[in-house]
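> Start counting at 1 in the sequence shown, then tack on 354, and there's your number in my numbering.
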Amino acid sequence: MEGWKKSLVAASLVVGTAVACCWYSHAESKRRRHRDPHDYYDLVIKMDEFMSICRRGWLIDDRRMDIEKWRGVIVTVLGEFNKGKTYVLNKLIGTDLPSGVNIRTEGLSFKHMKLARKDVCLLDTAGAGSPVKSVTPAQLQQKKATEKFLRDVVFECADVFLYVINDISAEEQIHLHSLALSVEQSNKHDKRIIVIHNLRERASVEEMSVARQKIVDMYVSTRSYAFTPEDVTDDFTGKSRTVDVLYGLKECRLAKYQTHVFIGQEGSPAGELNSWVFSKVRQTLSNVSARQEYRIQEKVLQSFSMMLPKYIEGPPMHLLLVPDGTPQSNKYLRVVPEHKYLPLEARGLLKCMIRSCQHLGIPHEQKAKEVSEYANRLVGIRPALKEALAEHLGWADGHFKAIPAWEACVGHLERLCGENSQMDGADVDGPEHPNFAPQHAGWSIPDSLVDTLVPKPPSPVAPGETSTFRNGSNVDELEAGPYKLKPQPLPYFLSAEQTDGTAPPYSVVETSSDLWFFVELPGVDEPKLSFRPMVIGGGFQFTVLAWKQPTLPQTDILQTHTDNRVLGTQTRPLRFTFTVPSVFEMPQPDNTGHWPPVGQFKNGVLSVRFRKLPEGEQELRVSVTGS
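1. Closest to F616 by CA distance: which of D513, T440, L494 and P583 is it?
2. Measuring only from the beta carbon, is L662 closer than 6 angstroms to any heavy atom that is part of the ligand HEM?
3. Using 8 angstroms for Cβ pairs, my map puts V474 next to G426. What's the rounded Cβ distance?
4. State the beta-bridge partners of F581 as determined by DSSP.
5. Determine the burial state of E526: buried for a count of at least 16 other Cβ atoms within 10 Å of its Cβ, exposed for fewer.
6. Return the CA-CA distance between D598 and A580, expressed in angstroms with no decimal places.
7. Grouping DSSP H, G and I as helix and E and B as strand, with all else coil, what is P841?
8. Looking at L553: is its Cβ nearer than 7 angstroms to the Cβ of R595?
9. Sorted by chain position, which residues of the same chain lie with C-beta nearer than 6 angstroms to E667's C-beta, five sequence neighbours on each side aside?
10. Quick test of the definition: if touching needs 3 or more C-beta pairs under 8 angstroms, does the region 559–569 touch the region 526–545?
11. State buried or exposed for Q496, treating a residue as buried only when at least 16 other CB atoms are found within 10 Å of its CB.
12. Can you find the residues in the same chain that come closer than 6 angstroms, C-beta to C-beta, to S633, ignoring five residues on each side of it along the sequence?
13. Would you decide whether L413 is buried or exposed? Buried here means 16 or more other CB atoms lie within 10 Å of its CB.
14. Hey, quick one: how far does the alpha helix (DSSP H) through R546 stretch, first residue to last?
15. Run through the DSSP bridge pairs and tell me what D473 is partnered with.
16. Apart from the five residues just before and just after P691, which ones in its own chain have a Cβ nearer than 8 angstroms to its Cβ?
17. Grouping DSSP H, G and I as helix and E and B as strand, with all else coil, what is W412?
18. Closest to E403 by CA distance: which of H466, L477 and Q493 is it?
19. Rounding to the nearest angstrom, what Cα-Cα distance links A557 and I569 in this structure?
20. With DSSP as the reference, identify every bridge partner of L673, one or two as the case may be.
21. Once you ignore the five residues that flank I399 on each side, which residues in its own chain have a CB closer than 6 angstroms to its CB?
22. Which word fits T591, buried or exposed, when buried means at least 16 other C-beta atoms lie within 10 angstroms of its C-beta?
23. Identify the residues that DSSP records as bridge partners of R595: which are they?
24. Grab me the residues of A512's own chain with a C-beta within less than 8 angstroms of its C-beta, minus the 5 sequence neighbours each way, in chain order.
25. L504 and I548 - do their beta-carbons sit closer together than 7 angstroms?
26. Run through DSSP, which three-state label would H529 get?
27. My assumption, with CB atoms under 8 angstroms, is that Y665 sits in contact with A499. Please give the rounded CB distance.
28. Quick one: measure Cβ to Cβ for E538 and L603, integer angstroms, because I've assumed they're closer than 8 angstroms.
29. Between T613 and S622, what straight-line distance do the alpha-carbon atoms span, to the nearest angstrom?
30. At the level of alpha carbons, what is the spacing between K445 and E831?
31. Specify, as a first and last residue, the run of the beta strand (DSSP E) that I428 falls within.
32. What three-state label does DSSP hand L443 in the structure shown?
33. What residues in its chain sit with their C-beta under 7 angstroms from that of D506, if we drop five residues either side in the sequence?
34. I need the DSSP call for D571, collapsed to helix, strand or coil.
35. If I follow the unbroken beta strand (DSSP E) through I519, where does it start and stop?
36. Going by Cα to Cα distance, which pick from Q656, R410, K542 and R577 is closest to L687?
Here it is in structure tokens:
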């Protein structure tokens, strides 16, 4: 009986322990899935709305004190959702971010680390396609501006693009093609694109070999890539194995920036070489890092200063880091008109220089020598102050911020001196004159005047501040003071349908310059395609391309112009693309405001029609039917 009781108690303890472990595991998993991004990243620049940078500013939440000293290569990870980016990062840089974690970035996020004894900064961005607060034209404009601005900044800052894909699709090929084309056109030829083919569904060596060879054949057939086995040493075990690497040939214009590697299912025979593949990627990153000597914070802020005028209209702007007044000492990145701001260093120097003009008069003759010596000391430091100011403000070139302040200062001094603006027979020619000194004893320029001549930086941001009002009324969402968001072309809203009411398989890829639309046609010999683009304003250019295989278009693409050329007989899967810019331009509307038909393709194969919509609406409808 006693043994039975002991067994029951032991079983209860085991069950209780198991339940507690399951509960803890579930709670920990839930906590990790919903971690605050600040628990993982060292620096987060939150961009709630694009134009808020001209009002309150973009919050900069930094958790490390050495951010200004960061150096090294900037790496950004690209790829669609659920392609294994988290797994790749964990294996590559040793982070503890669990797969499937729900981290919501609100702008730009940075993680600084050491990789192969080199400084590396991981750059992550807010996900594209997240919903806006309200579906209004202003919100959509700001959303579009934010996403495009982030793409531009990431491209400008990143040294290496890690692109994680599975089985490569036509959409991913286009993204890679567009990225390589951007690198080529930007003349930033030191950037690198590392494509990691995460073939995680392949567990056996045979499956892995077939999938890899299919991708290799597709690239090698273009005669732009070479498949090269390399001996790689594992960073942890020191053992060497042969890893297959796909290199873009140096003589090929776009392929030369790309390196492709392959990993299989973790823990399976197909993933036996994964550790060596990641070692190869680390070696590539460390080689790039060795060539970069800039400071990361400076590079990011420089890219902000360079990109913002492309999105915001208004007077010349200056970026300020304004404290928010909280114990965490967070800062806001804010845009202010350049002519209303002097950097803190220049403000202090100019204030000292103004003080140097406040020579004491001569209230008593016996103190003349002492006063003269004091005045001479002030006059003596004035050139040094002027030289220091010139270094900050470019005074030698007549900086427009310093000259008005200086002239106002001189005018005030002369007004204080009144008609007796001479001393020892010397004319008062200005602050630089060695004998310049007012005859009023003991006067000084009040701080209020200094603040007028040298405007103070913006006051700290209150934690709950929302500066969205002007003269008691709501500020236009797209305007902030003298600044206004430049019009952003809204994305095309795309749909596809068949005559029976069902939608054919289709997908859309939008790049910085192109809009690609893929649709699989019904299995008929002569399918009919009809495009109905609905756009804003005058002139719309386009090209229609068609080819049989889901690969990037080559020179043998069939281009349809206005010469009534027919696509001919095609079978499934035929794909077509709609892209800008183009082969021909849309004509002007008629008197009724309707666009005339353009490119009427006869024989029941293709017809193109345009129609103008009210401003603010853009749509592209595609209907696919059999003959």
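Cβ coordinates follow ideal geometry from the N, Cα and C atoms, glycine included. Computed from a predicted structure; not experimentally measured.
In terms of the structure at hand:
1. Walking along the sequence shown from the start, residue 616 turns up at place 262. Nearest C-alpha to F616: P583.
2. This structure does not include the ligand HEM; it has no bound ligands of any sort.
3. In the sequence shown, the residue the question calls residue 474 occupies position 120. In the sequence shown, the residue the question calls residue 426 occupies position 72. Yes, they are in contact, since the Cβ atoms of V474 and G426 sit about 5 angstroms apart, within 8 angstroms.
4. Numbered from its first residue, the sequence shown carries residue 581 at position 227. Beta-bridge pairing links F581 to L600.
5. If you number the sequence shown from 1, residue 526 lands on position 172. It counts as buried.
6. The residue given as residue 598 occupies position 244 in the sequence shown. The residue given as residue 580 occupies position 226 in the sequence shown. The straight-line gap from Cα to Cα measures roughly 10 angstroms.
7. Residue 841 sits at position 487 when you count from the first residue of the sequence shown. Coil at P841, not helix or strand.
8. In the sequence shown, counting from the first residue as 1, residue 553 sits at position 199. In the sequence shown, counting from the first residue as 1, residue 595 sits at position 241. For L553 and R595, no; Cβs fall outside 7 angstroms.
9. In the sequence shown, residue 667 corresponds to position 313, counting from 1. Taken in chain order, the residues that qualify are K838 and K840.
10. no
11. One-based indexing of the sequence shown puts residue 496 at position 142. Per the 10 Å Cβ criterion, buried.
12. In the sequence shown, residue 633 corresponds to position 279, counting from 1. So the list reads V586, D588 and D589, once near-sequence residues are dropped.
13. For the purposes of this step, residue 413 is taken as the residue at position 59 of the sequence shown. Looking at its Cβ environment, which holds 16 or more other Cβ atoms inside 10 Å, L413 is buried.
14. Within the sequence shown, the letter at position 192 stands for residue 546. Careful: R546 lies outside any alpha helix (DSSP H), inside the beta strand (DSSP E) at R546 to L553.
15. Sequence index remark: in the sequence shown, residue 473 carries index 119 (1-based). Beta-bridge pairing links D473 to K468.
16. Residue numbering aside, residue 691 sits at position 337 when the sequence shown is read from its first letter. So the qualifying residues of the chain are G668, P669, P670, M671, H672, G835 and P836.
17. The count along the sequence shown starts at 1 and reaches residue 412 at position 58. The answer is strand: DSSP assigns W412 an E or B state.
18. Position 49 of the sequence shown, counted from the first residue, corresponds to residue 403. Of the listed residues, the one whose Cα sits closest to E403 is Q493.
19. In the sequence shown, the residue the question calls residue 557 occupies position 203. In the sequence shown, the residue the question calls residue 569 occupies position 215. Roughly 17 angstroms between the two C-alpha positions.
20. As a first step, residue 673 is located in the sequence shown; it is residue number 319 there, counting from the start. For L673, which the question treats as bridged, DSSP gives the partners V689.
21. Working through the sequence shown from its first residue, we reach residue 399 at position 45. Only W412, I414, G461 and L462 meet the Cβ criterion.
22. For the purposes of this step, residue 591 is identified with residue 237 of the sequence shown, where counting begins at 1. Burial call: exposed.
23. Residue 595 sits at position 241 when you count from the first residue of the sequence shown. According to DSSP, R595 bridges with V586.
24. By one-based count along the sequence shown, residue 512 stands at place 158. Hits under 8 angstroms: I428, V429, T430, L477 and K545.
25. Here residue 548 refers to the residue found at position 194 when the sequence shown is read from its first residue. Here residue 504 refers to the residue found at position 150 when the sequence shown is read from its first residue. It is not a contact, given that the beta carbons lie outside the stated cut-off.
26. To locate residue 529, count along the sequence shown from 1; it is residue 175. DSSP places H529 in helix when its eight states are reduced to three.
27. What you label residue 665 is simply residue 311 of the sequence shown in a count that begins at 1. What you label residue 499 is simply residue 145 of the sequence shown in a count that begins at 1. About 5 angstroms; that satisfies the 8 angstroms criterion.
28. On the sequence shown, position 184 is the one that residue 538 refers to. On the sequence shown, position 249 is the one that residue 603 refers to. That pair is no contact at about 14 angstroms.
29. As a position in the sequence shown, residue 613 is number 259, starting the count at 1. As a position in the sequence shown, residue 622 is number 268, starting the count at 1. Spanning the two alpha carbons is a distance of roughly 24 angstroms.
30. Within the sequence shown, the letter at position 91 stands for residue 445. Within the sequence shown, the letter at position 477 stands for residue 831. If you take the alpha carbons of K445 and E831, they lie about 43 angstroms apart.
31. For the purposes of this step, residue 428 is taken as residue 74 along the sequence shown, with counting starting at 1. Here the beta strand (DSSP E) through I428 covers V427 to L432.
32. In the sequence shown, the residue the question calls residue 443 occupies position 89. In this structure, L443 counts as helix in the three-state DSSP scheme.
33. Counting from 1 along the sequence shown, the entry for residue 506 is found at position 152. The residues are M661.
34. As a first step, residue 571 must be located in the sequence shown, where it is residue number 217. Note: D571 maps to helix in three-state DSSP.
35. The count along the sequence shown starts at 1 and reaches residue 519 at position 165. From DSSP, the beta strand (DSSP E) with I519 extends over V514 to I519.
36. Your numbering for residue 687 matches position 333 in the sequence shown. For L687, the nearest C-alpha among the options comes from R410.
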